[in-house]
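In the working numbering, the protein residues as written are 648 to 1268. Glycine included, each C-beta is placed from N, C-alpha and C at the ideal position. Notes to accompany the following structure.
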């Protein structure tokens, strides 16, 4: 049985009016069918009359294949595939389980080419077999394209193998998008230079619904951006998710996953652009509601340095800015997992960049905006050298809050490696649970530290590394040297109201920098002596067992643990985030339990009077 597709109100109105009027659309189908106006898409584009801007394409019950390279010059068109027959297309009868219309470029240029201000919507198409220089599946020059309910796969190009979109001049803040992907996937495309999936320059992008940019490759020598290559192209990605390791069909490859680049940016290469990767539902008023509370933003199994020549960083995302062109990355409610690179297994931040990794705690409706109890997760990412999860270099700003971070590995800095040699660099971590990173040097990684901070600038330059850690729980990491390692000059670190309880590593701190400052206040640790140096200040320290619910599984605090109601907020700033890892408001004062210095619990969790037990699930150790 077939079911008629449910369409939005404007779309139903459009189809009804065109079907009844029969004047603003034409129908394409194979020569063996009756009731077709044209037998090729190109003929339909060329043959449109005045006032006609809709083309309906029959799939002939999945037996039709259109082998052509479609050129659309300066026209605004809607192409709607997936009709069972020309008769259905004439009548506007479209069914939800119809096969998509198959268009194959025959390796003879882009399958679709848009030029001179064309604006094209493509519904229900399978776009494949394109081969070009700029764009394989779709090439759009000074033109815009929307791909809806479609697959773009098995195309090749020098740049933008799946989709290539470029404008001569940058888009303004209020300009419309230049590419959109709605309930569509760009999968299995190959670029020799940049942008295996999508290349966008001087544009704006939107990816929404059950969409994905996955299993694409930038496979030439020094090729960048396996999934996305964005240059002055601000893009929002509201990711759907499918956790199957190898989905059974193209359309199940949702999120940003399984992309590869021989050099930088396995999942995405971002140059002077913003890339917002959103899990959770976001309501933009009249502009619409995007995303889903049921799925995370999935950034998974992407690989940089795929050719293993130790020249490739940013397995999930590589970001770099320019003097007047910064890059901004946001990952909200994400599952960032199993990405790998030489440096920055999950994310690499270059000059003039910023990254926020966070739990989005707002509400669009009565639904919980978190897809799981953990909400924001970074796990099982690997770097051959530094920054198993994150590598940040001079001129970057890194913020991570309310995130579970575990099972990441690298030679130096399993979670974070910072190199401030070239410019001032800032890292702020608050209300995170950071545990089980490193594996005692087994299996090909040195696992020397969880955090590695380095600044080899000349002392006279006054270039500084600033690190602020507030209300973090750092426990049971498996390092061969120390949890925190510093080297160089001008490293300034505040660790406040946190738990550093890590008997599985030789030391908590191993500090080799000079003209630096390390301030530890209200910190629970099993090895306070290892924090001492000529530049260390320790105040209000605690060495008790912190009282985790189930150590090695759940690092929330038991009710009436030793670190409950331990500290005050005297060293907080107005910019500090204050909700705990579960987004509970803090501080909560247990009136039956005597405060030591104040009502604030140490670490990422605030005890609410009953233990915040999180049942063990697939994300736990």
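For residue i, which residues from the same chain have a beta carbon less than 8 Å from its beta carbon, with the 5 sequence-adjacent residues on both sides left out?
i	result
residue 697	none
residue 723	700, 765, 766, 767
Here's the rule I'm using: 16 or more other beta-carbon atoms within 10 Å means buried, otherwise exposed. How should residue i be labelled?
i	result
residue 597	For the chain, the structure presents residues 648 to 1268; residue 597 sits outside this window and is missing.
residue 710	exposed
residue 957	exposed
residue 1325	For the chain, the structure presents residues 648 to 1268; residue 1325 sits outside this window and is missing.
residue 855	buried
residue 882	buried
residue 876	buried
residue 1199	exposed
residue 955	exposed
residue 813	buried
residue 1109	exposed
residue 1213	buried
residue 931	exposed
residue 977	buried
residue 1089	exposed
residue 796	buried
residue 1022	buried
residue 969	exposed
residue 1087	exposed
residue 946	buried
residue 1156	buried
residue 778	buried
Between which two residues does the beta strand (DSSP E) holding residue i run?
i	result
residue 1254	That residue, residue 1254, is in no beta strand (DSSP E); it is neither H nor E in DSSP.
residue 880	875–885
residue 1024	1024–1026
residue 826	826–829
residue 851	845–855
residue 946	944–947
residue 1051	1051–1053
residue 727	723–730
residue 924	921–925
residue 784	It is not in any beta strand (DSSP E) - residue 784 carries neither H nor E in the DSSP assignment.
residue 866	Note, residue 866: premise wrong, no beta strand (DSSP E); not H, not E.
residue 1207	From DSSP, residue 1207 is part of no beta strand (DSSP E); its letter is neither H nor E.
residue 810	810–813
Specify the secondary structure class of residue i as computed by DSSP and reduced to three states.
i	result
residue 801	coil
residue 711	coil
residue 1177	helix
residue 861	strand
residue 1067	coil
residue 603	Outside the shown range of the chain, which is 648 to 1268, sits residue 603, and nothing can be said about it.
residue 934	helix
residue 909	coil
residue 742	strand
residue 1148	strand
residue 1233	coil
residue 900	coil
residue 601	Look at the range of the chain in this structure, 648 to 1268, and you will see that residue 601 is not part of it.
residue 1218	coil
residue 747	coil
residue 818	coil
residue 1018	coil
residue 758	coil
residue 1005	strand
residue 1227	coil
residue 670	coil
residue 665	Here the model assigns residue 665 a pLDDT of 37, short of 50, so the residue's position is not dependable and the matter cannot be decided.
residue 773	strand
residue 1238	coil
Return the first residue and the last residue of the alpha helix (DSSP H) that residue i is part of.
i	result
residue 692	688–694
residue 736	733–738
Which residues in the same chain have their Cβ closer than 7 Å to the Cβ of residue i, if we skip the five residues on either side of it in sequence?
i	result
residue 858	828, 829, 830, 831, 832, 887, 901
residue 1033	990, 1057, 1058, 1059, 1060, 1064, 1099
residue 616	Past the edges of the chain, shown from 648 to 1268, lies residue 616, and the structure says nothing about it.
By Cβ distance below 6 Å, which residues in the same chain neighbour residue i in space, the five residues on each side in sequence not counted?
i	result
residue 759	717, 785
residue 921	881, 975
residue 965	911, 912, 916, 995
residue 811	781, 782, 786, 846
residue 748	704, 706, 728, 729, 772
residue 1182	1163, 1164, 1165
residue 794	769, 828, 831
At the 9 Å Cβ level, is residue i part of the contact set with chain C, yes or no?
i	result
residue 1191	The question asks about chain C, but that chain is absent: this structure has only one protein chain.
Those runs of the beta strand (DSSP E) which lie wholly inside the segment 1078–1139 and span at least 3 residues: 1080–1082, 1096–1102, 1112–1117, 1120–1122, 1129–1136
Every unbroken alpha helix (DSSP H) inside the segment 955–1000 [4 residues or more]: none
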